[in-house]
Ligand code: ADP
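Below is the structure:
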């Protein structure tokens, strides 16, 4: 139970940590991209402003000045690439640091808008190149003589960002693994006091139940002796002794059930798994209920297939059968009907044993069905009160079914009846 809880807690813890890690990584990466782009863009814009403030040199003797006559400002050389165009879109001057991408840059330069903000272009050559580019007009003596295109190679920034992405991804993976390990240990240490308290409660339950057994046996024995001693003409005393006997019997049953559950919780339930005749077991059990059926005017319909062989703990399975039949009797009105079925069939080469108990009783409200296997759970206490149980029967039955790797299904309709179907798969 606790190892399952520890795994569940680990899962939640790791999920939270991985989400935090993922969001942090994503934010770091996004901020880095934005910051770098902003820095570079500011740098280029500053350079462009400075260029605009620089004068384009030209020979003084030229009358009709054109772009090809201009000598570019020195600052233009601080770009990885620049191209000077005439008003007729002809290249009149250029420079590039990277010859392998010159043609691509030249072609892309025509698509850049004049005077727009610097933008990033990606050029695919043998490797990938990133350029931050812009285009500005050449104004000399208040006259536009052409325009120039500039580009700054920012591939190294992108490579750094790529590396950063890789580092973040590796850290995310490593962090996730680490968070699982840390989560497992934190969950374990958090569960320790709970586990301790739970074990103490279990030990108390087991000890208290165990200790109560002896005085109860003494009461039982003494009552039997008392019963034998009371003369028949003392009806009042006889009644009191009978009451004591009944209550003691009930208490005994409750203590036995509590012991069984606490042993099962602490995996101390000793089981003896043997192969036995399940058909005989069910038949015998039904026979022991005959007086009750008669007393309550109930009809018992049984369809027990002969020689159904089962491997399991005979004593526990007998209790399970008894719980379902007892409940069917308890929760069915007089003159009602109880049907018990047992059969074995082969499904996909596996032996399947099905045990069914159906009654025409009061039924279980739909919203209560999911709770009936919980300990001490009783449907609408007022209606169950007269049957005098403690709400442990079905939780014990479920425990026994789980122990035998079986499954249980309940179908019920209020005032029409209930059908319990237990299925065991043979290995
Ligand atoms: P108990 O019978 O001692 O109350 P159980 O664990 O056996 O405890 O059953 C839990 C509850 O499920 C019961 O209180 C009862 O309301 C309901 N229940 C069980 N079996 C039947 C049945 N055959 N028909 C109707 N209600 C049932």
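Numbering (my numbering), first residue to last: 30 to 456.
Built from N, CA and C at the ideal position, the CB exists for glycine as well.
Should residue i be counted as a contact of the ligand ADP given a C-beta to heavy atom distance under 6 Å?
i           : result
residue 57  : no
residue 444 : no
residue 407 : yes
residue 388 : yes
residue 356 : yes
residue 448 : no
residue 423 : yes
residue 430 : no
residue 284 : no
residue 435 : no
residue 365 : no
residue 227 : no
residue 419 : yes
residue 360 : yes
residue 269 : no
residue 393 : yes
residue 211 : no
Measure the Cβ-Cβ separation of residue i and residue j and say whether it is below 7 Å.
i           : j           : result
residue 179 : residue 114 : no
residue 392 : residue 361 : no
residue 133 : residue 112 : no
residue 408 : residue 397 : yes
residue 286 : residue 421 : yes
residue 447 : residue 441 : yes
residue 79  : residue 104 : yes
residue 303 : residue 43  : no
residue 328 : residue 366 : yes
residue 159 : residue 196 : no
Starting from residue i, follow the alpha helix (DSSP H) in both directions and report where the run begins and ends.
i           : result
residue 203 : 184-258
residue 32  : 31-82
residue 137 : 131-138
residue 142 : It is not in any alpha helix (DSSP H) - residue 142 carries neither H nor E in the DSSP assignment.
residue 347 : 343-359
residue 431 : 422-432
residue 318 : Run containing residue 318: none; DSSP gives neither H nor E here.
Determine the extent of the beta strand (DSSP E) in which residue i is found, giving its start and end residues.
i           : result
residue 270 : It is not in any beta strand (DSSP E) - residue 270 instead sits in the alpha helix (DSSP H) that spans 264-294.
residue 299 : Counting along the chain, residue 299 falls outside any beta strand (DSSP E), and DSSP gives it neither H nor E.
residue 169 : 157-169
residue 124 : 120-125
residue 371 : 366-376
residue 330 : 328-333
residue 454 : 446-454
Assuming residue i and residue j are in contact, meaning their beta carbons sit under 8 Å apart, how far apart are those beta carbons, in whole angstroms?
i           : j           : result
residue 50  : residue 205 : 7 Å
residue 121 : residue 97  : 4 Å
residue 273 : residue 252 : 5 Å
residue 427 : residue 402 : 4 Å
residue 315 : residue 331 : 6 Å
residue 151 : residue 157 : 6 Å
residue 345 : residue 300 : 7 Å
Using a Cβ distance threshold of 8 Å, determine whether the region 84-96 contacts the region 165-178, with at least three qualifying pairs required. yes
Is the region 365-379 in contact with the region 293-312, if contact means three or more CB pairs nearer than 8 Å? yes
Flag this pair as touching only if the region 206-221 and the region 142-151 have three or more C-beta atom pairs under 8 Å; answer yes or no. no
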